[in-house]
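In the order they appear, the protein sequences are chains W and S. All residue numbers for the first sequence refer to my numbering, where the first residue is 20 and numbers rise by one. All residue numbers for the second sequence refer to my numbering, where the first residue is 20 and numbers rise by one. Idealized CB from N, CA, C, for every residue including glycine. Report on the following structure.
2 protein chains.
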Amino acid sequence: MSEFNPHEATFDRLLQVAAEVFAEVGFRDATVREICTRANVNVASVNYYFRSKDALYVQALSFAFQEVNRHYPKDHFLDQTIAPEQKLARFIDDLLMKLLDDSQLGCFNKLILREIYEPTKALDEILLTCIMPQLTQLEDILQQLLGEKTDKLTVQRSMWSILGQCLPFLHSRSIIDRLYPELIANPLAIQATAQHITQFSLQALKQFKTLPSGDTDA
Amino acid sequence: MSEFNPHEATFDRLLQVAAEVFAEVGFRDATVREICTRANVNVASVNYYFRSKDALYVQALSFAFQEVNRHYPKDHFLDQTIAPEQKLARFIDDLLMKLLDDSQLGCFNKLILREIYEPTKALDEILLTCIMPQLTQLEDILQQLLGEKTDKLTVQRSMWSILGQCLPFLHSRSIIDRLYPELIANPLAIQATAQHITQFSLQALKQFKTLPSGDTDA
DNA sequence: ACTCGCTTTAAACACTTGTTTGAAATGAGT
DNA sequence: ACTCATTTCAAACAAGTGTTTAAAGCGAGT
Numbered sequence: 020m021s022e023f024n025p026h027e028a029t030f031d032r033l034l035q036v037a038a039e040v041f042a043e044v045g046f047r048d049a050t051v052r053e054i055c056t057r058a059n060v061n062v063a064s065v066n067y068y069f070r071s072k073d074a075l076y077v078q079a080l081s082f083a084f085q086e087v088n089r090h091y092p093k094d095h096f097l098d099q100t101i102a103p104e105q106k107l108a109r110f111i112d113d114l115l116m117k118l119l120d121d122s123q124l125g126c127f128n129k130l131i132l133r134e135i136y137e138p139t140k141a142l143d144e145i146l147l148t149c150i151m152p153q154l155t156q157l158e159d160i161l162q163q164l165l166g167e168k169t170d171k172l173t174v175q176r177s178m179w180s181i182l183g184q185c186l187p188f189l190h191s192r193s194i195i196d197r198l199y200p201e202l203i204a205n206p207l208a209i210q211a212t213a214q215h216i217t218q219f220s221l222q223a224l225k226q227f228k229t230l231p232s233g234d235t236d237a
Numbered sequence: 020m021s022e023f024n025p026h027e028a029t030f031d032r033l034l035q036v037a038a039e040v041f042a043e044v045g046f047r048d049a050t051v052r053e054i055c056t057r058a059n060v061n062v063a064s065v066n067y068y069f070r071s072k073d074a075l076y077v078q079a080l081s082f083a084f085q086e087v088n089r090h091y092p093k094d095h096f097l098d099q100t101i102a103p104e105q106k107l108a109r110f111i112d113d114l115l116m117k118l119l120d121d122s123q124l125g126c127f128n129k130l131i132l133r134e135i136y137e138p139t140k141a142l143d144e145i146l147l148t149c150i151m152p153q154l155t156q157l158e159d160i161l162q163q164l165l166g167e168k169t170d171k172l173t174v175q176r177s178m179w180s181i182l183g184q185c186l187p188f189l190h191s192r193s194i195i196d197r198l199y200p201e202l203i204a205n206p207l208a209i210q211a212t213a214q215h216i217t218q219f220s221l222q223a224l225k226q227f228k229t230l231p232s233g234d235t236d237a
């Protein structure tokens with residue numbers, strides 16, 4: 020994944036490789052020796068620079084968040100000129116791309132996923148810095164789309180309805196790859212799937228609207 | 020979870036306890052010694068009865084499936100007198116209850132979830148015996164609901180839209196418990212959430228119908 | 001009472017793991 | 001050229017792992 024660069028300080032190389040390895044096999048299955056070998060670094064370096072494997076994990080996590088947030092800026096949803104329906108479509112598109120990203124960044128996603136799946140003490144920080152911003156962003160879009168008078172609980176449930184439709188492409192990849200590969204075979208298929216989710220959701224959301232504005236239709 | 024019963028053969032006790040422990044901490048973090056201690060059994064028993072820890076895991080998995088399938092019979096969806104909308108509502112209700120089941124059976128669910136999340140060689144068998152039946156059941160309901168002329172891909176995508184809405188309550192429990200506990204605070208709340216998913220989906224599905232039958236409305 | 005197959009047991013084995021250690025290498029400041 | 005703090009290294013350590021072993025216990029059939 021990340022080719023060996025001798026000019027990168029061993030500290031940074033360790034962090035980078037650790038994130039990758041932890042993402043691939045999880046905290047427990049990741050061995051210090053494997054990480055050090057891949058980083059072309061002596062075994063003792065982990066304890067020298069990070070005190071322990073646990074501490075390395077925590078640092079690797081927050082490093083991964085920084086990277087993800089750096090590559091996926093989230094400010095382009097504040098634009099009030101774009102219709103909320105459009106924003107929702109964009110949100111779903113972006114999310115699906117992110118979840119199916121198998122590159123460098125994808126491994127950071129996997130890392131976060133692991134943390135959700137079996138939380139360590141680091142989860143609380145992740146929730147605050149990584150998950151919550153995404154959730155409130157979607158919540159805002161939905162509140163705009165449905166109208167201010169739609170109650171919070173309905174908005175939240177709808178938010179999970181939409182998130183839920185996207186998430187299987189991250190956490191049930193093993194099933195989808197085996198039984199429904201056509202859904203994500205190529206970028207076009209992914210976009211079609213995203214479009215389905217958008218259509219599905221927009222139609223569903225109509226029933227919860229409390230706004231009179233009836234000029235936004237397919 | 021399962022209190023020690025001296026009259027139960029050690030073989031059965033091992034299987035039972037192994038399923039619990041594997042579900043709790045995963046294959047790698049589960050130690051043979053922990054399993055044996057909980058089962059009031061000598062360490063060597065695992066290798067005596069099951070040849071290896073790996074083999075024990077596989078057997079524990081298929082044992083878990085048998086138990087789950089025994090407790091959740093799936094034949095009451097063949098009844099042709101029930102409207103497909105009703106069937107969908109029932110399906111979602113059942114699934115949500117299952118996914119949120121924290122009892123004895125819940126641990127079997129966790130076991131299966133783990134297998135989906137990080138597949139071992141055992142996944143293929145699980146897909147066949149445990150996952151596929153559920154999926155095709157939902158697929159059938161949807162095909163009935165949408166009409167025979169709706170294409171398979173749309174049906175499959177819709178199936179994942181519905182499944183996806185339910186699955187977060189299993190695999191993102193850590194987030195929901197922390198940020199949205201009201202959604203599943205008690206049986207009533209769970210039912211309300213299930214009802215939301217049903218309404219959301221039925222409204223969404225309308226746009227994909229290819230059947231003329233227009234007498235099924237909210 | 002004795003045998004013989006099955007089961008249980010404590011101890012040991014072989015291996016991997018995270019971590020520590022103390023010496024060697026490195027390199028900037030003088 | 002020397003110093004000294006920082007970094008790297010091979011080797012060893014201590015603890016935990018799955019597995020094996022060989023002896024002891026047990027229980028029905030004769």
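Are the beta-carbon atoms of Leu182 (chain W) and Leu107 (chain W) separated by less than 9 Å?
-> no
Assign Asp48 (chain W) to one of three DSSP states: helix, strand, or coil.
-> helix
Taking Phe227 (chain S) as the reference, which of W:Gln222, W:Gln184, W:Gln156 has the closest Cα?
-> W:Gln222
Give a yes or no on whether the minimum CB-CB distance between Met116 (chain S) and chain W is below 9 Å.
-> no
For Ile54 (chain S), which residues of its own chain have a beta-carbon under 6 Å away from its beta-carbon, when the five flanking residues on both sides are left out?
-> Val36, Ala37, Val40
Can you tell which of S:Ile194, S:Ser177, S:Phe46 has the C-alpha that lies nearest to the C-alpha of Leu154 (chain W)?
-> S:Ile194
Please name the residues in the segment 176-193 of chain W whose beta-carbon is closer than 8 Å to at least one beta-carbon of chain S, in chain order.
-> Arg176, Ser177, Trp179, Ser180, Leu182, Gly183, Gln184, Cys185, Leu186, Pro187, His190, Ser191, Ser193
Three-state class that DSSP yields for Asp31 (chain S) in the structure shown | helix
Cross-chain neighbours of Arg197 (chain S) in chain W, by beta carbon under 7 Å | Leu146
Cutoff 9 Å: Arg109 (chain W) Cβ touching any chain S Cβ | no
With a cut-off of 9 Å, does the C-beta of Pro138 (chain S) fall near any C-beta of chain W?
-> yes
Per-residue DSSP class, three states only, for Arg70 (chain W) = coil
Which listed residue (S:Thr169, S:Ala58, S:Gln123) has its alpha carbon closest to that of Ala83 (chain S) = S:Gln123
Could you tell me which of S:Thr50, S:Ser180, S:Val44, S:Ala213 sits nearest to Phe127 (chain S), measuring between CA atoms?
-> S:Val44
Proximal chain S residues relative to Ala37 (chain W), where beta-carbon distance stays under 7 Å | None at all; the shortest Cβ gap to chain S is about 18 Å.
What separation, rounded to the nearest whole angstrom, lies between the Cα atoms of Asp112 (chain W) and Asp121 (chain W)?
-> 16 Å
Could one say the Cβ of Lys225 (chain S) lies closer than 9 Å to chain W's Cβ atoms, at least one of them?
-> yes
Of the residues S:Ser191, S:Leu75, S:Thr217, which one's Cα is nearest the Cα of Glu137 (chain W)?
-> S:Ser191
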